RNA sequence: GGAGAGGUGGCAGAGCGGUUGAAUGCGCCGGAUUCGAAAUCCGGUUGGGCCUUCGGGUCCACGGGGGUUCGAAUCCCCCCCUCUCCGCCA
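Residue numbers (the numbering used here): 29 to 497.
In C-alpha cells form, the structure reads like this:
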C-alpha cells in the first residue's frame, strides 16, 4: 500500500507510476474521496469535541437526576424531569449531526480504501520503461565451462537434447496421466527418482540458505485468511490466482485461501508488530507447497512441469530497516545467493531486469533469473527445440509497500521502545522452485546415451547415486 | 464435534453506564538522595488519523465489526482468538 500522505503531496509521481505499470487505478477519484472524507471527518470531530465537553459538564448531573426521578414524589417529579429533558436537548442535537456526518464518511470509505489498495508502488527511476515481459533487459548471463551460447546444446555437447518430457517419460520420473486423473490438467505425480531429485534440490537449496547464508529456517501456513493475502499485497489484484477453501459454504465463519508462495507466510509472521531495529535485518527461508490457479494461462505451457497448479518452493525474504541503500544492497545479495546456487549446480542462466510493465503492483524493482532450458523455444528444421530461457527465480524489492499493508514497523527497542516508528522494507526472492527447476536440471545433465547425471551437490541427498537410467 | 471460562496499556491485574486513555503493582525512562550502587522519594512511560500560525489543537482505539444510549471498557448482536474438560484423530 502506498502512503496516502505522499500521494496528496505529489500525486503526479503516483499517476506516472501507475501509467508506467499499465495500471488503470483512478487516482483522481481517490484524491477526491480523500478530500471529502477529511472534510467530513473534521466537521464530525469538532462536533464530537463539543459533545464530549457537554457530557463531562452535565453527564454526572443527568445520572443523578434520573436516579432521583425514580424515587421522587409525584410533586417533585415534573421539575426533575424538566431539568433532565433540558440537559439532554443539546447533546441530543449534536448526536444527530454527528450521525449524519458519519453516514457520509461511511459512504466514501469503502470506495476510498478499495482504490487505495490498487494504487501500485511507483517503479524506481532506474527501472527501464516497457509494457510487457518482451521489454525486459538482460543484465548478464553465466554458463559453466564448455557451454557455448552460440552453439547451443548440440554444439556444446555433441548430441541432440531430449526435452524434459521425453526424459521424464522414458526414465519414469513423472506420471502425468495419473496426476491428471486425480487432479485435472496441470497436475502430475513425481515418481521414484523423479520425486527423489525433487526432494534433493529442495533440501539442497534450503540448507544452502540456512548453513551458508545465515537465513532462519521457518515453516509457515500455506492455507491462510484473506487478510493475510491482502496484507502481503497479493489481494485484491491476484484474487483469481488463488484457490479458495470455501469454509463459509459449510457454515464456518471464514473462508481460507491456499498461498501461491511461502512469501505470504514469511511476511505475515510479524504483521502488526514493532520490530527492534537492532534485530534487523530479519532473514527467513521456508520451503512450502505453492498453489496457483493459473487463471488466464489457458493453453500456455500446457505440457510438462513448467506451469503447474501445485509445486514446492524454497523462498527467501529479508525484512530490513527503511533505508534505500540497505534495501538495494540486500536485493543484490539475494540475487547473488541464487547465482551461487545455480553456479554450484552448473546451470546456465541470465539475469533479467524487468521493465516497468512487468513489475506487478508491489514492486519498485524486480530482477528475474532465467535458466536455460534446452527443450524449450523455437523448433529447428528437424522439428527439435532449439532451447530458450525459462523463468526460474524472481527477486523483488518493495520498499515499505508491503510492510505498510502488514503494519510491520520498527524502532529502537521494538514494542517497548520509545520514539517514532517507521515501516520496514521488505524483499523476496526464489531460492529454488521445483519441479520447474527439474527442467533445466534434467535437460542440461542428460547424456548422449539417454541417461541423466545427478549433479554433484545433489548426490548426498539421493543416497549417493550419480546417474538416472 | 459437545460443554464451559475468558480476551483491558510492555507484563500482571482492577473497573461492569457518567470528568476512565483507563486504579494498583511490576517493568522501563528521567530527577532527587549517594563517593558510587542498592533501597527510598518525586516525575514520566500506548499506538494511530486529521488540522496547525509548529506553540499546539482534536478525534479514534479496552480482540474485530455492528447496535442501544445524551453518554459504552462497562448493556445487546455477529465474528475472531485463547484456555479447561469430553469425544475424535496424524
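Beta carbons: idealized from backbone N, C-alpha and C, even for Gly.
Just so we're clear, the structure is a prediction, and the values are computed from it rather than from any experiment.
For residue j and residue i, the rounded distance between their alpha carbons
{"i": "residue 34", "j": "residue 212", "result": "47 Å"}
{"i": "residue 469", "j": "residue 406", "result": "20 Å"}
{"i": "residue 498", "j": "residue 356", "result": "The question about residue 498 has no answer, for the chain in this structure spans 29 to 497."}
{"i": "residue 475", "j": "residue 409", "result": "23 Å"}
{"i": "residue 178", "j": "residue 286", "result": "42 Å"}
{"i": "residue 422", "j": "residue 65", "result": "39 Å"}
{"i": "residue 298", "j": "residue 434", "result": "8 Å"}
{"i": "residue 197", "j": "residue 203", "result": "7 Å"}
{"i": "residue 90", "j": "residue 72", "result": "24 Å"}
{"i": "residue 264", "j": "residue 281", "result": "20 Å"}
{"i": "residue 290", "j": "residue 424", "result": "14 Å"}
{"i": "residue 129", "j": "residue 83", "result": "20 Å"}
{"i": "residue 38", "j": "residue 46", "result": "13 Å"}
{"i": "residue 273", "j": "residue 480", "result": "40 Å"}
{"i": "residue 304", "j": "residue 235", "result": "27 Å"}
{"i": "residue 328", "j": "residue 337", "result": "13 Å"}
{"i": "residue 124", "j": "residue 114", "result": "17 Å"}
Start-to-end residues for the beta strand (DSSP E) that takes in residue i
{"i": "residue 196", "result": "Taken as a continuous stretch (DSSP letters only), residue 196 belongs to no beta strand (DSSP E), being part of the alpha helix (DSSP H) at 192-199."}
{"i": "residue 284", "result": "284-286"}
{"i": "residue 468", "result": "Element bounds for residue 468: not the beta strand (DSSP E) but the alpha helix (DSSP H), 466-472."}
{"i": "residue 426", "result": "From DSSP, residue 426 is part of no beta strand (DSSP E); its letter is neither H nor E."}
{"i": "residue 311", "result": "310-319"}
{"i": "residue 215", "result": "First-last for residue 215: undefined, no H or E at that position."}
{"i": "residue 459", "result": "453-462"}
Residue burial classification, residue i (beta-carbon count within 10 angstroms, cutoff 16)
{"i": "residue 358", "result": "buried"}
{"i": "residue 181", "result": "buried"}
{"i": "residue 165", "result": "exposed"}
{"i": "residue 467", "result": "buried"}
{"i": "residue 339", "result": "buried"}
{"i": "residue 172", "result": "exposed"}
{"i": "residue 41", "result": "exposed"}
{"i": "residue 210", "result": "exposed"}
{"i": "residue 417", "result": "buried"}
{"i": "residue 85", "result": "exposed"}
{"i": "residue 81", "result": "exposed"}
{"i": "residue 314", "result": "buried"}
{"i": "residue 157", "result": "exposed"}
{"i": "residue 233", "result": "buried"}
{"i": "residue 176", "result": "exposed"}
{"i": "residue 457", "result": "buried"}
{"i": "residue 316", "result": "buried"}
{"i": "residue 493", "result": "exposed"}
{"i": "residue 74", "result": "exposed"}
Assumed close pair residue i, residue j - CB separation to whole angstroms, cut-off 8 Å
{"i": "residue 248", "j": "residue 293", "result": "2 Å"}
{"i": "residue 147", "j": "residue 384", "result": "Contact doesn't hold; Cβ gap of about 15 Å is too wide."}
{"i": "residue 453", "j": "residue 348", "result": "5 Å"}
{"i": "residue 296", "j": "residue 270", "result": "The pair is not a contact, with the Cβ atoms about 14 Å apart (cut-off 8 Å)."}
{"i": "residue 463", "j": "residue 333", "result": "4 Å"}
{"i": "residue 252", "j": "residue 284", "result": "6 Å"}
{"i": "residue 32", "j": "residue 144", "result": "7 Å"}
{"i": "residue 387", "j": "residue 472", "result": "Rounded, the Cβ-Cβ distance is 29 Å, inconsistent with contact."}
{"i": "residue 369", "j": "residue 459", "result": "7 Å"}
{"i": "residue 437", "j": "residue 450", "result": "6 Å"}
{"i": "residue 161", "j": "residue 261", "result": "About 20 Å separates the two Cβ atoms, so there is no contact after all."}
{"i": "residue 411", "j": "residue 400", "result": "Not really, about 20 Å apart at Cβ, beyond 8 Å."}
{"i": "residue 302", "j": "residue 442", "result": "6 Å"}
Residue interval of the alpha helix (DSSP H) (run including residue i)
{"i": "residue 347", "result": "Where residue 347 is concerned, there is no enclosing alpha helix (DSSP H), although the beta strand (DSSP E) it sits in stretches over 338-348."}
{"i": "residue 146", "result": "105-146"}
{"i": "residue 99", "result": "55-99"}
{"i": "residue 431", "result": "429-434"}
{"i": "residue 367", "result": "352-372"}
{"i": "residue 258", "result": "254-259"}
Check whether residue i and residue j have beta carbons under 8 Å apart
{"i": "residue 111", "j": "residue 140", "result": "no"}
{"i": "residue 192", "j": "residue 403", "result": "yes"}
{"i": "residue 62", "j": "residue 43", "result": "no"}
{"i": "residue 201", "j": "residue 222", "result": "yes"}
{"i": "residue 365", "j": "residue 392", "result": "no"}
{"i": "residue 78", "j": "residue 122", "result": "yes"}
{"i": "residue 429", "j": "residue 149", "result": "yes"}
{"i": "residue 321", "j": "residue 268", "result": "yes"}
{"i": "residue 230", "j": "residue 345", "result": "no"}
{"i": "residue 243", "j": "residue 311", "result": "yes"}
{"i": "residue 371", "j": "residue 398", "result": "no"}
{"i": "residue 237", "j": "residue 136", "result": "no"}
{"i": "residue 440", "j": "residue 306", "result": "yes"}
{"i": "residue 497", "j": "residue 199", "result": "yes"}
{"i": "residue 396", "j": "residue 419", "result": "yes"}
Residue i beta carbon near the ligand ZN (any heavy atom closer than 7 Å)
{"i": "residue 319", "result": "With respect to the ligand ZN, the structure offers nothing, as it holds no ligand at all."}
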